Amino acid sequence: MESTLPDGQLPNTEKSSELSRLLNERKIIGGVMNIEFTGRGTEVTDALKQYTNEKMKKISRFVDNILDVSVTFSVEKHRHTVEVIVKAGSDKIVAKETTNDMYTSIGGALDKIERQAKKLKTKISRKRKNSFSIEDRENQPGTDSGELDTKIVPLSLTRFKPMTVQEAALEIENGPNPFVIFRNHEANEALTVLFRQDDNTMGIVSLE
1 MESTLPDGQL PNTEKSSELS RLLNERKIIG GVMNIEFTGR GTEVTDALKQ YTNEKMKKIS
61 RFVDNILDVS VTFSVEKHRH TVEVIVKAGS DKIVAKETTN DMYTSIGGAL DKIERQAKKL
121 KTKISRKRKN SFSIEDRENQ PGTDSGELDT KIVPLSLTRF KPMTVQEAAL EIENGPNPFV
181 IFRNHEANEA LTVLFRQDDN TMGIVSLE
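Residue numbers 1 to 208, in our numbering, belong to the letters of the sequence shown in order.
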């Protein structure tokens, strides 16, 4: 007794064959990389797909976030052209090679992709390294914009020697510092600051 299937429904064996064909058309490597094959003026054979897939497995080691790969085979007279487009995150790598042999063109195009993929990996690694270096510096003590690297040492008021304003002025004139802190003989030993101003005059401030 023969069983009938609704229109459009395939037997299990035909379903398996159809599924295999679709998987070959859109091969998934490692569960993350989709390779789409397109033929223009030529048939995309299983041998071409397998050769391309094996080459792409090597390239996938250099780029972690490959999303999609598009491979187009074109034949025009004796010119066999392969164009490969790799989408990796926000980056896109494109390469094309034309020879008189399709397999040679595949190898040439994917060699170019590999070189670009290595450069991309180096670029990403350097970017991450620089990012970590900046973060490390920001996390180091004393590097915050609100902190000082200079050590602040409290001074005893008894270290400032008594002198007159004139003596303090002479010390500024003859010394390297633009100011002097002293005990003012002329103001009951009050702690005083004498300093040179921008107009080259002397300013004086009593701290007590």
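For each residue, glycine too, the CB sits at the ideal point set by N, CA and C. Predicted model, so just to flag it, every value in this text is computed and none were measured.
Delimiting residues of the alpha helix (DSSP H) encompassing residue i
i: THR45; result: Note, THR45: premise wrong, no alpha helix (DSSP H); not H, not E.
Residue i burial status per 10 Å Cβ neighbour count (16 or more: buried)
i: HIS78; result: exposed
i: GLU43; result: exposed
i: VAL205; result: exposed
i: GLU189; result: exposed
i: LEU110; result: buried
i: THR38; result: exposed
Limits of the beta strand (DSSP E) - the one that residue i falls within
i: VAL94; result: 91-99
i: ILE85; result: 79-88
i: ALA168; result: Counting along the chain, ALA168 falls outside any beta strand (DSSP E), though it belongs to the alpha helix (DSSP H) covering 165-174.
i: ASN184; result: 179-184
i: ASP68; result: 66-76
i: ALA190; result: 190-196
i: VAL205; result: 202-206
Presumed contact (8 Å Cβ cut-off) between residue i and residue j, rounded CB distance
i: LYS121; j: GLU97; result: Contact doesn't hold; Cβ gap of about 21 Å is too wide.
i: VAL86; j: VAL69; result: 5 Å
i: MET102; j: PHE62; result: Not quite, the Cβ-Cβ distance comes to about 24 Å (not below 8 Å), so this is no contact.
i: ILE35; j: ASN53; result: 7 Å
CA-to-CA distance, residue j to residue i, given in whole angstroms
i: THR201; j: LYS123; result: 58 Å
i: TYR51; j: GLY107; result: 9 Å
i: GLN197; j: PHE179; result: 9 Å
i: ARG159; j: ARG128; result: 53 Å
i: VAL165; j: GLU173; result: 12 Å
i: ASN100; j: LYS55; result: 19 Å
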